[in-house]
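Undergrad: Per the UniProt record's numbering, residue 1 is the first one in the sequence shown, and the count goes up by one each step.
Every residue gets a Cβ at the ideal spot worked out from N, C-alpha and C, and that includes glycine.
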Amino acid sequence: MADAARAGDPPPLGAFRTFRVPVADVAEITGLDLGPLPDADRLPRAVRAEKRWTQLESLQDIVV
């Protein structure tokens, strides 16, 4: 497997769009009870909905 990732390499961002979203949004959209996770989410709460989802285009776009 020539394209296999080496240990420690980040996974490639594929042909799909990847977004960083609030955990509360994931819970709402999926209907899953994520327990205390939405309250522990470190993603800053944005006032306007269009600012809540951030498209990830590189590893530098990820905020931990």
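Taking only three categories from DSSP, how would you classify Leu59?
TA: helix
Undergrad: If you follow the alpha helix (DSSP H) that Ala40 is in, where does it begin and where does it stop?
TA: Leu37 to Ala40
Undergrad: Quick check on Met1: does DSSP put it in helix, strand or coil?
TA: Residue confidence for Met1 is low, a pLDDT of 42 falling below 50, so the modelled location carries little weight; the figure read from the coordinates is stated next. In the structure shown, Met1 sits in coil (DSSP, three-state: anything other than H, G, I, E or B).
Undergrad: Within a Cβ cutoff of 6 Å, which residues of the same chain sit near Ala24, ignoring the five residues on either side of it in sequence?
TA: Pro38
Undergrad: In whole angstroms, give me the CA-to-CA distance for Leu43 and Leu56.
TA: 14 Å
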